[in-house]
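The numbering of the sequence shown is our numbering, which starts it at 1 and goes up by one. Ideal Cβ placement from N, Cα and C applies to all residues, glycine included.
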Amino acid sequence: MSTSNDQRLREVIEQLQAENAHLRARVESDPSTPPPDDVDAAHWKRDSWGWTLLSTILIIIGALLAPMALVSAWAERQLTDTDYFVETFAPLADDPAVQAYIADQVTAVVNENLDASELTTELFDGIAELDLRPQAESALLALKGPAAQAIESLVTSTVERLVGSQQFSDIFERVVRRGHVQMIATMQGDPNAVINIESDGTIGIELGPIVAEVKTALIDRGIGIAERIPEVDRTIVIASSEAAPTAQTVYALTTVLGVWLPWVALVSLTAGVVVARRRMRALIWAAIAVALTALLLLALIAIGRPLTVSALSMMPADTANALYETTVETINQTTIALVVLAVVVAIVAWLTGPFRVPRRLRAAGASAATAIRSMGEEHHLTTGSVGEWLYRMRVPLYVLIALGGATIILVFRPLTLGVILSTAVIALLLIVILQVLQRPPVIEDRGLAEKELS
1 MSTSNDQRLR EVIEQLQAEN AHLRARVESD PSTPPPDDVD AAHWKRDSWG WTLLSTILII
61 IGALLAPMAL VSAWAERQLT DTDYFVETFA PLADDPAVQA YIADQVTAVV NENLDASELT
121 TELFDGIAEL DLRPQAESAL LALKGPAAQA IESLVTSTVE RLVGSQQFSD IFERVVRRGH
181 VQMIATMQGD PNAVINIESD GTIGIELGPI VAEVKTALID RGIGIAERIP EVDRTIVIAS
241 SEAAPTAQTV YALTTVLGVW LPWVALVSLT AGVVVARRRM RALIWAAIAV ALTALLLLAL
301 IAIGRPLTVS ALSMMPADTA NALYETTVET INQTTIALVV LAVVVAIVAW LTGPFRVPRR
361 LRAAGASAAT AIRSMGEEHH LTTGSVGEWL YRMRVPLYVL IALGGATIIL VFRPLTLGVI
421 LSTAVIALLL IVILQVLQRP PVIEDRGLAE KELS
């Protein structure tokens, strides 16, 4: 029985050696000749440049669209989601520069409409009609100016105290929420909107609602003269641009692009990788391209700071800086997260690709896992049949881990650096655990196997 098995094994080995020698001779005589079993190989090679070109074009388009998709999705949410808008901009109420700017604007409007000088003149003239002695009347007239200044100082201190309180934060949040609703109305062409876009390109926010809230707060604090503050029609100019009248068109375009452009970019990148001859290399280059375009977006955000401060020259520079920082904070963090995600994808693709160094690293990892399993088995710790099942199902399990990580990245919003890094670390730990727990089949009698192959 053993002699018969040895004979069959030798015949199989001799046949394989003969086929290998035949194939080697064909390759050495004509390296361009395709293998005999692949009749379409030559035609495929001639046409492969077309697929490579198509893959390159799709990857370039997807990489260029990626930062545009990021910005459009962010802008679409800012324009259409009032809760998200309030969550972004309400913290401005606690910024000292913004508080000082709003306090100055509101104080100026209140003092202008309250007219402390006229109020004190009426008051002192009424007292003078009481037929006072000349000395008393002179003293009274001398107090007219200081009294007016005292009223203005009282208004200023009250407004500053209000602006620095939690009450103002609540007022500011309500005003921001109402302002966003009105902004949507403006973009949709509602003529009764609070935010106005004039034909000359001036964009502003009416102070009326804010002054009304301050008036109520002043009255509640016992400052009865605040009753004299009328409804005001004053606007804080926040921007001036010749392109402002086209904002409604931009709004309509953004609401469409914000939904569809991210998917277009993703499909373009995916298609570019799928049609490539070497998909793993294409995936690496696609990830690098996305990282580079995202870095370009970060550079543009940095360049936009001085330009925005210059455009908002009607307000103090520190206030304009605070407004810009608040506006771009989310998109800046998301772009950084995209860069990290692209780098992680490139590294993972390289580590799992058919390259020499990654193959050695994977072999070293497999050897380390084998050593750990051997140490466990020496101490009677083994996964047994469960480990064998994990080994048989290792490919679907790896795919499941990858799909789980990809789902988190695609669904979780806002996408932050912490989300990406934590997802990558958890996925890596799961892969390491799976590598250690799985139990590949082994040849129990290695001496017999070596004897059969000799």
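Does residue i come out as helix, strand or coil in the three-state DSSP assignment?
| i | result |
| --- | --- |
| V232 | coil |
| Q438 | coil |
| P358 | helix |
| L79 | helix |
| V275 | coil |
| D95 | coil |
| G50 | helix |
| W44 | Interpretation of W44 is limited by its pLDDT of 49, a score under 50 that renders its predicted location unreliable; no figure is taken from the coordinates. |
| M315 | coil |
| L257 | helix |
| G62 | helix |
| L207 | coil |
| S169 | helix |
| G304 | helix |
| G222 | coil |
| G179 | helix |
| G201 | At G201, the pLDDT of 45 sits below 50, so the modelled position is not reliable; the number obtained from the coordinates is stated separately. G201 falls in the coil class under three-state DSSP. |
Please confirm whether residue i and residue j have their CB atoms less than 8 Å apart.
| i | j | result |
| --- | --- | --- |
| R278 | W51 | no |
| V159 | V106 | yes |
| L255 | L65 | According to the sequence displayed, residue 255 carries Thr and not Leu. Their beta carbons are not under 8 Å apart, which means T255 does not touch L65 by this criterion. |
| M280 | A349 | yes |
| N332 | I229 | no |
| T82 | T326 | no |
| A311 | A97 | no |
| R320 | V328 | Looking at the sequence shown, residue 320 is not Arg but Ala. No, the pair does not count as a contact, with Cβ atoms beyond the cut-off. |
| A212 | I219 | no |
| I456 | L269 | Residue 456 is absent from the structure shown; the chain starts at 1 and stops at 454. |
| V214 | L162 | yes |
| A69 | A265 | yes |
| V273 | A286 | yes |
| I210 | V267 | no |
| A108 | Q167 | no |
Judging by CA-CA distance, which residue of the options is the nearest neighbour of residue i?
| i | options | result |
| --- | --- | --- |
| G258 | I59, W49, V71, S55 | V71 |
| D170 | D233, P91, L154, T156 | P91 |
| S292 | L269, V328, V343 | Position check: residue 292 holds Leu in this sequence, whereas Ser was assumed. Ranking L269, V328, V343 by Cα distance to L292 puts V343 first. |
| G418 | T334, V155, H380 | T334 |
| D95 | H379, M375, G164 | G164 |
| A299 | A217, I336, I288 | I336 |
| L421 | V214, L338, W285 | L338 |
| V436 | A265, T423, L381 | L381 |
| A93 | S153, S385, R177 | R177 |
| L261 | V275, A63, T216, D233 | A63 |
| L283 | V345, L297, M183, M314 | V345 |
| I426 | M183, A402, A317, D104 | A402 |
| L295 | A265, V274, P316, V340 | V340 |
| M393 | P440, I184, I372 | P440 |
| V399 | R373, L434, A369 | L434 |
| L207 | R234, T56, L54, T216 | R234 |
| S153 | A103, R362, A185 | A103 |
| A100 | A289, V386, I301, P316 | P316 |
| R77 | H180, S157, N111 | H180 |
| G384 | S48, P396, Q438, I57 | Q438 |
| R305 | Y324, G404, S313, L297 | Y324 |
| L397 | T416, H379, F172, L428 | L428 |
| I57 | V155, A271, A371 | A271 |
| W263 | I61, S48, S157 | I61 |
| Y84 | G224, T330, D318 | T330 |
| A75 | G224, I347, V155, L253 | L253 |
Check your understanding: Residue ranges of each beta strand (DSSP E) run of no fewer than 3 residues wholly in the region 342–422, ordered along the chain?
Key -> none
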